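Working notes, beginning with the structure itself.
Numbering (mature numbering (1 follows the signal peptide of the UniProt record, and there is no 0)), first residue to last: -19 to -1, 1 to 160.
Structure follows, in structure tokens:
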């Protein structure tokens, strides 16, 4: 009696931030701004609001007694942070290095609340015109390959009639495309 043994391997790759209860996820393009808003009802009657960034929990902004303080020691955020009196944090001219977790801690006389934002900054891609031009070029090359293949098959089938193999010259122009 022959037995068989089957093993299946499942590999799941996950990209992101884990181990934190993220309440809000934001995705922006490089160069854009993002505003992180604690809920208005969360910030009413606060004593102090502290914004932290990253796994190292670097303090980047603080608001107490209606006096905002912004970090100028962290080069990543130099001249990019705005903090209004409601506790909303705006980060301007975002770069990929600004991707990560932002945690706001709001202290009240009755306790403390937290909110976590996961921000992803996307690298800029090609312009839509450049992408369209690349797609057109790829389609033209594919079409030429299909034509060559079928002409080659036809010639093989009609070899007795004196047909020679086709020679196709493909001329591609890689220039500037705009739509």
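Even for Gly, the Cβ is constructed at its ideal location relative to N, Cα and C.
If you're wondering where the values come from, they're calculated on a predicted model, not measured in any experiment.
For this session: Just mark residue 50 as buried or exposed, buried being the case when its beta carbon has 16 or more other beta carbons within 10 Å.
Result: exposed
Exercise. In chain order, which continuous runs of the beta strand (DSSP E) of length 3 or greater are located wholly inside the segment 31 to 98?
Worked result: Correct list: 39 to 45, 48 to 51, 62 to 64, 70 to 72 and 81 to 88.
Problem set entry | Three-state secondary structure (DSSP) of residue 20 | coil
Exercise. The beta strand (DSSP E) spanning residue 5 covers which residue range?
Worked result: Start and end: 5 to 10.
Exercise. Rounded to a whole number of angstroms, what is the C-alpha to C-alpha distance between residue 41 and residue 33?
Worked result: 6 Å
For this session: Look at the alpha carbon of residue 60 and the alpha carbon of residue 39, and state the distance between them as a whole number of angstroms.
Result: C-alpha separation (whole angstroms): 16 Å.
Problem set entry | Environment of residue 83 [buried if 16+ CB atoms lie within 10 Å] | buried
Problem set entry | Nearest candidate by alpha-carbon position, reference residue 45, set 31, 37 and 76 | It is 31 whose Cα lies nearest to the Cα of residue 45.
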